[in-house]
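There are 2 protein chains.
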Amino acid sequence: MTLNLENEKRSENTMSKSYRLFTFTGGNEGVWEIIRTVTVIGDHWPPAERLAVRADEGRVAEGSANSVWELRGITSNERYTNRPEKDTLRQRQEGLGRPSSTLAALIPIRKKMTWWTMTQDERRAVFEEQSKHIGIGLTYLPAIARRLHHCRDLSEREPFDFLTWFEFAPESETAFDRMLEELRRSPEWDYVDWEIDIRLRRV
Amino acid sequence: MTLNLENEKRSENTMSKSYRLFTFTGGNEGVWEIIRTVTVIGDHWPPAERLAVRADEGRVAEGSANSVWELRGITSNERYTNRPEKDTLRQRQEGLGRPSSTLAALIPIRKKMTWWTMTQDERRAVFEEQSKHIGIGLTYLPAIARRLHHCRDLSEREPFDFLTWFEFAPESETAFDRMLEELRRSPEWDYVDWEIDIRLRRV
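Protein chains in written order, with our numbering: chain S, 1 to 203; chain Z, 204 to 406.
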């Protein structure tokens with residue numbers, strides 16, 4: 001059974017307990033209109049008209065007939081956040097699905113092998129102590145809501161390592177762009193070798 | 204294409220660069236005879252006669268005709284090891300496939316949800332500062348060779364979170380048992396809610 005979240009009344013809170021694996025399909029279906037598809041770093045990614053987001057209950061999605069591309073990612077335990085950071089994030093962040101969040105972004109990212117062969121303390125040092133990834137994100141809460149999906153350990157053949165999904169109101173779009181600029185200027189981004197920025201509007 | 208590693212002449216070193224996803228099939232095929240299957244914590248796991256280990260190039264394995272069970276896991280970046288620990292491990296450890304390593308163990312483990320909702324610093328504190336997981340393992344190098352496979356982020360429906368594969372010579376079996384005892388007495392094991400201990404002999 002494939003659930004179409006977009007037609008479901010469940011709250012995000014209920015969803016996050018039940019589902020971890022999400023499939024993002026670019027094609028001509030779905031409630032999200034793709035406004036633009038920009039290659040930030042690396043190879044071209046094909047544009048599509050619409051995006052559909054599905055929770056797949058652990059099943060590999062069948063490519064839909066009219067899809068241009070399909071990406072999968074799974075939510076997982078946090079890899080870098082420490083307890084004080086998590087508590088602060090929790091206090092400030094809001095969930096996906098807010099009625100005012102009519103804009104969204106899907107940002108697939110792949111990191112270089114040098115990132116993955118670093119040890120945990122080395123990655124954390126680049127991620128937060130040098131790049132303030134969590135700190136920058138905090139500045140934009142609760143305006144920007146976010147869900148991180150991991151791809152790298154789904155199989156050996158996923159094109160990207162992460163898919164991050166962001167939702168925000170039109171009045172927060174400038175802030176969102178500024179947040180991405182800050183992150184992209186940070187030392188962590190020296191380890192990014194593929195990044196696509198897909199912008200969406202709820203229809 | 205599914206490669207049968209047991210019939211391949213490639214070295215482990217070559218393998219580890221190319222393959223990350225491994226499938227372990229309990230049935231009546233494979234070069235490993237299953238000596239015993241012990242439930243350490245949690246539900247019963249069905250015994251089988253033989254174990255086959257395959258590298259699957261990212262493909263989901265087709266259940267083989269005579270399999271009793273099939274488990275998948277993917278090697279990944281290290282989650283807790285810091286730089287000094289990694290350097291020490293590297294100096295002391297030896298690879299899989301040593302001719303003298305005629306005994307092996309496959310230990311599937313699942314951890315409680317409380318483990319997965321802990322933050323990185325909290326998990327690291329239990330894993331190493333309280334439990335000396337890396338420290339205990341170091342004591343048994345190079346006698347015990349090891350490869351860790353992650354399952355939790357392969358899908359939502361994997362029965363276990365980790366599969367650890369160990370290889371050693373018969374004269375190191377007592378040491379191996381002692382190592383497991385030490386680990387199982389540690390605070391980290393309070394978070395384990397399913398553990399199977401499958402012992403094997405190369406035929």
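Backbone N, C-alpha and C fix where the C-beta goes; we use that ideal spot for every residue, glycine too.
Selection from the options that minimises the alpha carbon distance to residue i
i: residue 117 of chain S; options: Z:274, Z:254 and Z:278; result: Z:278
i: residue 238 of chain Z; options: Z:226, Z:244, Z:251 and Z:245; result: Z:251
i: residue 114 of chain S; options: S:190, S:30, S:32 and S:53; result: S:190
i: residue 315 of chain Z; options: Z:326, Z:305 and Z:307; result: Z:326
i: residue 132 of chain S; options: S:92, S:203 and S:85; result: S:85
i: residue 405 of chain Z; options: Z:395, Z:359, Z:358 and Z:303; result: Z:303
i: residue 281 of chain Z; options: S:83, S:153 and S:177; result: S:153
Straight-line Cα distance separating residue j from residue i
i: residue 42 of chain S; j: residue 269 of chain Z; result: 45 Å
i: residue 40 of chain S; j: residue 148 of chain S; result: 19 Å
i: residue 346 of chain Z; j: residue 298 of chain Z; result: 10 Å
i: residue 276 of chain Z; j: residue 338 of chain Z; result: 24 Å
i: residue 376 of chain Z; j: residue 120 of chain S; result: 31 Å
i: residue 261 of chain Z; j: residue 385 of chain Z; result: Annotation note: pLDDT 43 at residue 261 of chain Z (below 50); position unreliable, no value reported.
i: residue 255 of chain Z; j: residue 81 of chain S; result: 38 Å
i: residue 90 of chain S; j: residue 138 of chain S; result: 10 Å
i: residue 150 of chain S; j: residue 168 of chain S; result: 21 Å
i: residue 206 of chain S; j: residue 160 of chain S; result: In the structure displayed, chain S extends from 1 to 203; residue 206 of chain S sits before or after that span and is not available.
i: residue 310 of chain Z; j: residue 19 of chain S; result: 27 Å
i: residue 296 of chain Z; j: residue 290 of chain Z; result: 10 Å
i: residue 157 of chain S; j: residue 180 of chain S; result: 27 Å
i: residue 197 of chain S; j: residue 380 of chain Z; result: 51 Å
i: residue 71 of chain S; j: residue 274 of chain Z; result: 24 Å
i: residue 358 of chain Z; j: residue 395 of chain Z; result: 20 Å
i: residue 44 of chain S; j: residue 27 of chain S; result: 16 Å
i: residue 259 of chain Z; j: residue 37 of chain S; result: 33 Å
i: residue 83 of chain S; j: residue 286 of chain Z; result: 22 Å
Residue i (DSSP reduced to helix, strand or coil)
i: residue 182 of chain S; result: helix
i: residue 261 of chain Z; result: Caution applies to residue 261 of chain Z, whose pLDDT of 43 falls short of 50 and renders its modelled position unreliable; the value that the coordinates give is listed next. DSSP places residue 261 of chain Z in coil when its eight states are reduced to three.
i: residue 177 of chain S; result: helix
i: residue 79 of chain S; result: coil
i: residue 40 of chain S; result: strand
i: residue 190 of chain S; result: helix
i: residue 158 of chain S; result: coil
i: residue 46 of chain S; result: coil
i: residue 210 of chain S; result: Outside the modelled stretch of chain S, which goes from 1 to 203, sits residue 210 of chain S, for which no answer is possible.
i: residue 311 of chain Z; result: strand
i: residue 134 of chain S; result: helix
i: residue 328 of chain Z; result: helix
i: residue 305 of chain Z; result: coil
i: residue 322 of chain Z; result: coil
i: residue 223 of chain Z; result: coil
i: residue 171 of chain S; result: helix
i: residue 92 of chain S; result: helix
i: residue 214 of chain Z; result: For residue 214 of chain Z, the predicted structure reports a pLDDT of 38, less than 50, and the residue's modelled location is therefore unreliable. The matter cannot be settled from this model.
Integer-rounded CB distance, given that residue j should sit under 8 Å from residue i
i: residue 272 of chain Z; j: residue 403 of chain Z; result: About 14 Å separates the two Cβ atoms, so there is no contact after all.
i: residue 305 of chain Z; j: residue 373 of chain Z; result: 6 Å
i: residue 343 of chain Z; j: residue 378 of chain Z; result: 6 Å
i: residue 397 of chain Z; j: residue 313 of chain Z; result: 4 Å
i: residue 232 of chain Z; j: residue 253 of chain Z; result: 6 Å
Cβ-heavy atom distance, residue i to the ligand SAM, below 6 Å
i: residue 397 of chain Z; result: Looking at this structure, you won't find the ligand SAM or any other ligand, since it has none at all.
- request: Decide yes or no for the touch test of the segment 223 to 232 of chain Z against the segment 379 to 391 of chain Z: beta carbon pairs closer than 8 Å, at least 3 of them.
  value: no
query: Okay, do the segment 156 to 175 of chain S and the segment 128 to 137 of chain S touch, 3+ Cβ pairs below 8 Å being the bar?
result: no
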